[in-house]
Each structure stands twice: as C-alpha cells, then as structure tokens.
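From first to last, the protein sequence lines are chains S and R. Following the working numbering, the numbering of the first sequence begins with 1 at its first residue and continues without gaps. Following the working numbering, the numbering of the second sequence begins with 209 at its first residue and continues without gaps.
There are 2 protein chains.
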Amino acid sequence: MKKLYVPAETVKRLSLYLRNLRYLAKEGVEIISSDKLAQDIYVSPAQVRKDLSYFGDFGIRGVGYSVKLLIKEIQSILGLNKEWPVALIGVGRLGSALLNYPGFKEFGFRISIAFDSDLKKIGRIYQGIKIEDFSEIERIIKKENIKIAIITVPASAAQEIADRLVRAGIEAILNFSPRYLNIPENINIKTVDIATELESLVYYLTRG
Amino acid sequence: MKKLYVPAETVKRLSLYLRNLRYLAKEGVEIISSDKLAQDIYVSPAQVRKDLSYFGDFGIRGVGYSVKLLIKEIQSILGLNKEWPVALIGVGRLGSALLNYPGFKEFGFRISIAFDSDLKKIGRIYQGIKIEDFSEIERIIKKENIKIAIITVPASAAQEIADRLVRAGIEAILNFSPRYLNIPENINIKTVDIATELESLVYYLTRG
Numbered sequence: 001m002k003k004l005y006v007p008a009e010t011v012k013r014l015s016l017y018l019r020n021l022r023y024l025a026k027e028g029v030e031i032i033s034s035d036k037l038a039q040d041i042y043v044s045p046a047q048v049r050k051d052l053s054y055f056g057d058f059g060i061r062g063v064g065y066s067v068k069l070l071i072k073e074i075q076s077i078l079g080l081n082k083e084w085p086v087a088l089i090g091v092g093r094l095g096s097a098l099l100n101y102p103g104f105k106e107f108g109f110r111i112s113i114a115f116d117s118d119l120k121k122i123g124r125i126y127q128g129i130k131i132e133d134f135s136e137i138e139r140i141i142k143k144e145n146i147k148i149a150i151i152t153v154p155a156s157a158a159q160e161i162a163d164r165l166v167r168a169g170i171e172a173i174l175n176f177s178p179r180y181l182n183i184p185e186n187i188n189i190k191t192v193d194i195a196t197e198l199e200s201l202v203y204y205l206t207r208g
Numbered sequence: 209m210k211k212l213y214v215p216a217e218t219v220k221r222l223s224l225y226l227r228n229l230r231y232l233a234k235e236g237v238e239i240i241s242s243d244k245l246a247q248d249i250y251v252s253p254a255q256v257r258k259d260l261s262y263f264g265d266f267g268i269r270g271v272g273y274s275v276k277l278l279i280k281e282i283q284s285i286l287g288l289n290k291e292w293p294v295a296l297i298g299v300g301r302l303g304s305a306l307l308n309y310p311g312f313k314e315f316g317f318r319i320s321i322a323f324d325s326d327l328k329k330i331g332r333i334y335q336g337i338k339i340e341d342f343s344e345i346e347r348i349i350k351k352e353n354i355k356i357a358i359i360t361v362p363a364s365a366a367q368e369i370a371d372r373l374v375r376a377g378i379e380a381i382l383n384f385s386p387r388y389l390n391i392p393e394n395i396n397i398k399t400v401d402i403a404t405e406l407e408s409l410v411y412y413l414t415r416g
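Right, dumping it as structure tokens:
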C-alpha cells in the first residue's frame, strides 16, 4: 500500500463510510454505487472516489463497490482488522458510561482494563472489567502491551495521568478531560470536550 | 461589540481560557499575564493576545489581565452570561451519563427536559428531570423556548429527531449519534463521534 499523506478529514470519512457499509451489509445490500455511498454521508460522489483512491481502486466500473469487500478494505486501511484493547483511566460517571457503551465492541475496540483512584471502586468488577489502582497503570499497561487509552479523569489529574500513560508505552489517547494535554509529538491524541463544544454552539447561536 | 469573522479555533480557545480562569479565580488568583494564561493552555502568548483582540482590549499594560473581569468578558463574548436550558433527546446509557454530568451546570448549561421513546422511562424522573415522550418534542420545546438540544439516540433515529428539533425551533444541536445529519444551514451543529475518533487514532497508530 502506498505510504502517502492522507488528509485527516479523509480518515474520518472512511470511518463514516465503514459504518454506513456495515448497516448496508446487515440489510443484505451487496453492491453500492459511489453516488449512494456519498448520499448517505452527505458528501459528493467525487469525494467518495477521491477518498478511496488514496488507497487503491476498489470499485467495479459501471457497477459500484462490493459492500463486503469494501468493508474489508476500509477495515484494513484503518487498522481495524483486529480487535484493539483499550485502557480506561477514570471510572467516574463518564467513564462508567463508556464502560457500558456497546459501540466500542461493534467498532473493533474492547476496554480491557480500567483504573481509578477511589478505594471504593478499586478491585470491583464493572461490566466484566476489573478496576485497578492508578498506581498500577505503568505495570499493567506495559505487561498487557496496550497502546490505546481513554482519559476520563478530572482536569486537575489529567496531565499527570497522560505523563504516566506515555511512560507506560501508550501511543494513542482519547482525552475527555477538559484540558489541553502536553504530550510528546509521536503520541496521537484527540480531545473530546463536551462543554467546549456546547460553548462554541452558544457563541454562534448568540451571534446569529 | 464589533461584528466580524472570528476563527472557530479562537472561539474554542476562549472556552479553554475561561475554564482556566475559573480555576485561577477559585485559587484566589486576581491578576494573570498573557504568558501564564498561554502556558496553561499550551499556546503562545501572542495567540492569547490575538484571540482576545477580536473582542476588545482587556489587558492592563505591563500588568496582565484581571481574572474576574476577563471571566466576565469571555462569558459575555460566548453568550454564557445567562444559563441556557438544554433538551436531551434519548436517555440511553450515554444520555443518562450526560444527565449526570456535573460539568454542564458549571459551564452555564442546564438540561431542563429529556425525551425518550421507551415506555418504561417516559414519565419517570432522572436527576430531577422528567422524561417526556418523543411525541411531545415539538410542543414542549416550543412552549419552553429551548434553543439547544443534545441528540443521543441511535443512528437510525437521529435524522428524524433532527428534523423534528428543527421544526420545534432548536437552533443549536450537539449530536452524539454516529451519523452526519442533514439540517438547514442556519442551524449550528457539532457532532461528537467517539468511535470515529478512536478509528482515526488507530489509523495513525498503525501507520506510524
């Protein structure tokens, strides 16, 4: 596969195409045109073709794409042809909701370990996942060779947790803590900040 | 206040400055330099000054910013100098977690009404909020003049819900449903798609 620069927006859309294709597969659809695939995601057919063209030529001219094959191709492009274990750091309200979130498994992720600092939670089993002490973060994550972590701790604890995750060998972080985190450049991070999103919405709402 | 184009990233950073300033206020800090404000958010001091300069001149030369005054100014810029009622559509696992989320109130939002289609939930009180039937969305949201909604329904129901929210007069939507939603241009929408964020992370993780 070619090693080239692919826009972040293309990567995001691949996820959306994949999700749509999985729905279609469930509904028994075998072939889909780029027009239809585009329409379901509200982009142009040309965009779909361009996004996919970064990785190869998957369509059948005049026919469209095989839903099954395109699912396999996109899963392989995204690295989702295996299940990824994920460490969850912080089992508060949001963390608990994520432990309950059925979407992870559907999309190739499995929270395999969770950590908290609350003595009432440590050692308990939530959704089949044992809650371990923060002090075990480095040891367990290294031992289990986990590469992805989700941070759902309060803002005040987030930087220290991020530093420890980096030391533990984590390479990708999904951060729900409302704080920018200072991490090495080779670590990938995405921050989902619900309050900031709402505040931006209100700004545009009040400004018309 | 000047009416001008302000970059979306500036609006997001205003939220982050605000959050940081609130922490500082709690800690009793009265004056902050743009250097320190910048450092806490991991941007440059020039960026802080530029972001704020869109809206006015809030600093005291050679001294810095008054924490209290800057909080007031940014709240006013963002439209957060009042509490915003929010409608929550879908009280599943994620919806329940959001009902529990203490951050909303802290940041000027209050989920004032929630809707679900599950007969076992309708009429019940969660976290002090009565769960209403989906069929009441238009009537109640119009009556209570709510402008902001959070969608946490499954993807299959999201577009229909969005259409109904638009008819009900909603002007800003925070969408947690893993789907692009087709809505009129004058409605502001932000989509938070946890699985897509994770999939993007894995893409970069596997591609180095």
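C-beta: ideal position from N, C-alpha, C; glycine also.
For S/Glu199, the residues of chain R that pass the 7 Å Cβ criterion are Ser223, Leu286, Leu288 and Phe315, in the order they occur in the chain. For S/Tyr204, the closest Cβ of chain R is nearer than 8 Å. Per DSSP, the continuous beta strand (DSSP E) segment holding S/Ala87 begins and ends at Trp84 to Ile89.
Straight-line measurement puts the Cα of R/Leu306 at about 32 Å from the Cα of S/Ala25. Just so you know, the alpha carbons of R/Asn383 and R/Ala295 end up roughly 12 Å apart. Against chain S, the CB of R/Lys398 has a partner CB under 8 Å away; the residue lies at that interface. 8 Å or more divides the Cβ of S/Pro45 from the Cβ of R/Arg227. For S/Ile183, the closest C-alpha among the options S/Glu160, S/Asp193 and S/Val192 is that of S/Glu160. Residue-level contact check: S/Gly56 does not touch chain R, since none of the beta carbons of chain R fall below 8 Å from its beta carbon. The shortest CA-to-CA distance from R/Asn394 to any of S/Glu197, S/Glu199 and S/Tyr204 is the one to S/Tyr204. Closest option to R/Gly311, judged by alpha-carbon separation, among S/Arg93, S/Lys50, S/Thr191 and S/Tyr180: S/Arg93. Apart from sequence neighbours up to five positions away, the residues of its chain that approach R/Arg318 with a beta-carbon distance below 6 Å are Glu291 and Pro293, ordered along the chain. One thing to note: S/Leu181 has its Cβ no nearer than 8 Å to the Cβ of S/Ile137. The shortest CA-to-CA distance from S/Ala38 to any of S/Glu30, S/Asp57, S/Gly64 and S/Phe55 is the one to S/Gly64. Taking 9 Å as the upper bound on Cβ-Cβ separation, chain S lies near residues Lys355, Ile356, Ile358, Ala363 and Ser364 of the segment 351–374 of chain R.
Sequence-distant partners of R/Gly377 (beyond 5 residues in either direction) whose C-beta falls short of 6 Å from its own C-beta, in its chain, are Lys350. For R/Arg415, there is no enclosing beta strand (DSSP E), as DSSP marks it with neither H nor E.
Annotated three-state conformation of S/Tyr126 is strand, per DSSP. Going by C-alpha positions, S/Gly128 is about 25 Å away from R/Leu409.
In terms of beta-carbon proximity, S/Gly128 stays away from the interface with chain R, with every pair separated by 8 Å or more.
Contact between S/Phe115 and S/Phe134 holds, with the beta-carbon distance rounding to 5 Å and staying under 8 Å.
Shown here, R/Leu302 sits in a helix according to DSSP, grouped into three states. For R/Ile333, no CB of chain S lies under 8 Å from its own CB, so it is not counted at the interface with that chain. In terms of Cβ geometry, S/Leu78 and S/Leu14 form a close pair [threshold 8 Å]. Among the residues facing chain R, S/Pro178 is included, as its CB has a counterpart in that chain under 8 Å away. Inter-residue distance for R/Ser274 and R/Ile240 is about 7 Å (C-alpha atoms, whole angstroms).
When DSSP states are grouped into helix, strand and coil, S/Ile137 belongs to the helix group. Contact between R/Ile339 and R/Ile330 holds, since their C-beta atoms are separated by about 6 Å, short of 8 Å.
Residue pairing by DSSP places S/Glu132 opposite S/Phe115 in a beta bridge. S/Ile140 has a beta carbon lying at 8 Å or more from every beta carbon in chain R. DSSP places R/Thr404 within a helical segment (H, G or I) once states are collapsed to three. Proximity to R/Tyr309 across S/Gly95, S/Lys190, S/Tyr101 and S/Arg49 peaks at S/Gly95, based on C-alpha coordinates.
Within chain S, the C-beta atoms nearer than 7 Å to that of R/Ile249 come from Tyr180, in chain order. Taking 8 Å as the CB threshold, R/Leu229 stays off the interface with chain S. By the 16-neighbour rule on beta-carbons within 10 angstroms, S/Val11 is buried.
For R/Tyr309, the C-beta contacts it makes with chain S under 8 Å involve Arg93, Leu94 and Ile194, in order along the chain.
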